[in-house]
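In what follows, a single structure is set out as structure tokens and then discussed.
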Amino acid sequence: MIVRKLPLLSLLMCFSGAFSQSLSLKDAIDQGMANYGTLKAKEKYALAGQETVKQNKRDYLPNLTLAAQQDYGTVNGQNGPLYGFGGLGVASSGLPLPEQNWNAAFGALYLVNMNWDFYSFGRIRQKIALSKADADRLQKDSEQEQFQHKIRISAAYLNLLASQRLEISQKKNLERAEVFLKLAAARVKNGLLPGVDSTLASAEVSRARIALNQVKDQVKEQNNKLITLMGIEIYDIKTDTTLVIKSPNIIGKSITSGIESNPVLQFYKSRMEYGAQQLRLFRKEYYPTFSLFGVYQTRASGFNSDYAVDQSSFTHNYWDGVDPTRQNYLFGVGVSWNLTTLARTAKKVSAQKFTSEALEDEYKVMEQQFKAQSDAADVKIQLAYESDKEAPKQVKAAAQAYLQKMTLYKNGLTNLVDVTQTLYTLNRAETDRDIVHVNLWQSLLLKAAATGDFNLFINEL
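For the sequence shown, our numbering assigns the number -19 to the initial residue and increments by one for each residue that follows.
Here it is in structure tokens:
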């Protein structure tokens, strides 16, 4: 029984070891890029756009139709007008006879038909250009989605890292509060302090536990957000603490990257180009279409040529009825121009003009937003850098003040309020330190998101 359990135990230990390892930001990005469903969908949309370009190129080929039919029926003809409305009715041919008869034989028709719109004032080429613009738009959409997803994963990872650091700080704060409670309780028990000190110290422990629980809730929320963006099964991620002790080397240097290459702006540009190509195609609809056409046809019939005068001159033999005996051919050139299209196309063109202008306006809005974001990121980076330098000093001073007050309290030289105040100050200093350093990375990420250069951020890891 023990031997049978060993493989399962080994497997559980392997999983436990895998989950206990920290997950680097680069690994999180790689997993998210490989697993996230939206990215896969947009990649397939882009591939579909490329196939549509190939399909539109083949639309320039002529229509070449092969057709054959074999029938059995009568050939009673009648003088009179008829319109083949809706394709209903039969096309039996024969001279009008004095009366109806039910003589029937086999017949057949074989043909090759070709028609080719060989000149349409560039309409086919414009359709190809439009499909290329659409394929480029879909490709740019896929690229901007990939870029934004990298930003989303990085932001979620940094938020989780900050939350986990806050959790550590709150655990330390709880430990200090518990030590303080034990000290106060002992001194109250010995009659050295009033009972209210023990009560207030107990309240501080409860407050510290509540704060810790709130941070744990935040950690779980940020953890699951990152898991969702990575497209993997839920587990508790352990972030890489290297980012806590490391600062970006690019800080303090001039960042010259502009926003022109931002994948999101490139996507908006591709939308504008698609609108422009659509407008050009609509304008091509004003013009007529020139076509070449040709047909070769052969027919067979079980009715002989003298059937009109001799109604017995036909055969029920299948092979005689379907063996072709007459051929015809025809070829020519034609032009078609639906004049009412001019009125319809005019409105399509005017509508597309408004659409193109709207796309341009949306591009300008996004461009302005990224300019503002880039400018704000520069300031945030500098301020976060300065705050990051001050945070350790704040923690050190707060820790010294706390130790001093605790020493004085142990010796009965200060009161509970002073100790509690230093406890608050130390907790706030540690919290500021955790947040400020992560803010430094988040500011750089904001700059990368604005400029569209993710390497600004990822190369610093």
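Glycine residues also receive a C-beta, built at the ideal position from the N, C-alpha and C atoms.
I'd like to check one pair, GLN124 with VAL244: are the Cβ atoms closer than 7 Å?
yes
Own chain residues within Cβ distance below 6 Å of ASN407, not counting five before or after
Apart from sequence neighbours up to five positions away, the residues of its chain that approach ASN407 with a beta-carbon distance below 6 Å are ASN153, ordered along the chain.
Please list the terminal residues of the continuous alpha helix (DSSP H) segment that includes ALA48.
Not the alpha helix (DSSP H): ALA48 falls in the beta strand (DSSP E), residues 43 to 53.
When the Cα atoms are used, what is the spatial distance from ASP197 to GLU410?
19 Å
Ends of the alpha helix (DSSP H) at LEU75?
Segment: none, LEU75 is in no alpha helix (DSSP H) and carries neither H nor E.
What are the uninterrupted segments assigned as beta strand (DSSP E) that are 3 or more residues long and contained completely in the segment 91 to 161, given in chain order?
Runs of the beta strand (DSSP E) lying entirely within the segment 91 to 161 and spanning at least 3 residues: none are present.
Within 10 Å of its beta-carbon, does ARG306 have 16 or more other beta-carbons around it, so buried, or fewer, so exposed?
exposed
Pairwise C-alpha distance: LYS20 and ALA26
So the alpha carbons of these two residues sit roughly 10 Å apart.
Taking the straight line between their C-alpha atoms, what separation do you get for THR431 and LEU110?
29 Å
N- and C-terminal bounds of the alpha helix (DSSP H) containing TYR404
Unbroken alpha helix (DSSP H) run through TYR404: 396 to 431.
Taking the runs of the alpha helix (DSSP H) that are 4 residues or longer, which of them lie wholly in the segment 287 to 327?
298 to 302
Does the distance from the CB of LEU3 to the CB of ILE190 come in under 7 Å?
Against a cut-off of 7 Å, the Cβ pair of ILE190 and LEU3 comes out as no contact.
Give me the residue from LYS24, GLN49 and LYS112 with the minimum Cα distance to ASN36.
LYS112
Can you find the residues in the same chain that come closer than 7 Å, C-beta to C-beta, to GLN463, ignoring five residues on each side of it along the sequence?
Since the displayed the chain opens at -19 and closes at 441, residue 463 lies outside it and no answer follows.
In the DSSP assignment, find the unbroken beta strand (DSSP E) run with THR278 in it and report its ends.
Looking at the DSSP string, the run of the beta strand (DSSP E) that includes THR278 is 269 to 281.
Buried or exposed: ASP121, going by 16 or more other Cβ atoms within 10 Å of its Cβ?
buried
Buried or exposed, going by whether 16 or more other CB atoms sit within 10 Å of the CB of ARG251?
With 16 or more Cβ atoms within 10 Å of its Cβ, ARG251 is classed as buried.
Given a cut-off of 7 Å on the beta-carbon distance, is the pair ALA364 and LEU420 in contact?
yes
Own chain partners of THR394 with C-beta closer than 8 Å, once the 5 adjacent residues on each side are dropped
LYS385 and LEU388
Compute the beta-carbon to beta-carbon distance between LEU396 and ILE230, rounded to the nearest angstrom, for a pair I have assumed lies under 8 Å.
Their Cβ separation, rounded to whole angstroms, is 47 Å, which puts LEU396 and ILE230 out of contact at 8 Å.
Residues in the same chain with beta-carbon distance under 8 Å from SER442, minus the five sequence neighbours each way, listed in chain order, please.
One cannot answer for residue 442 here, as it falls past the ends of the chain, which runs -19 to 441.
Based on the DSSP secondary-structure assignment, which residues constitute the bridge partners of GLY12?
Its beta-bridge partners do not exist; DSSP assigns none.
Determine the direct distance from the alpha carbon of GLY87 to that of ASN51, and round the result to whole angstroms.
Checking the sequence, you will find Asp at residue 51 rather than Asn. About 5 Å.
Nearer than 6 Å: is that true of the beta carbon of GLN126 relative to any heavy atom of the ligand ATP?
Judged by which ligands are present, the structure shown has none, so any question about the ligand ATP falls away.
Nearest to GLN202 by CA position, among ASP177, GLU158 and ASN139, is which residue?
If we check each option's Cα against that of GLN202, ASN139 comes out closest.
Going by DSSP in three states, THR18 sits in which element: helix, strand or coil?
helix
Three-state secondary structure (DSSP) at GLY238?
GLY238 falls in the coil class under three-state DSSP.
Let's test the definition: count the other Cβ atoms within 10 Å of the Cβ of LYS24 and tell me whether it reaches 16, buried, or not, exposed.
Counting Cβ neighbours within 10 Å, LYS24 comes out exposed, since fewer than 16 surround it.
According to DSSP, is SER84 helix, strand or coil?
Residue identity check: residue 84 is Ala in the sequence provided, not Ser. Three-state DSSP puts ALA84 in coil, outside helix and strand.
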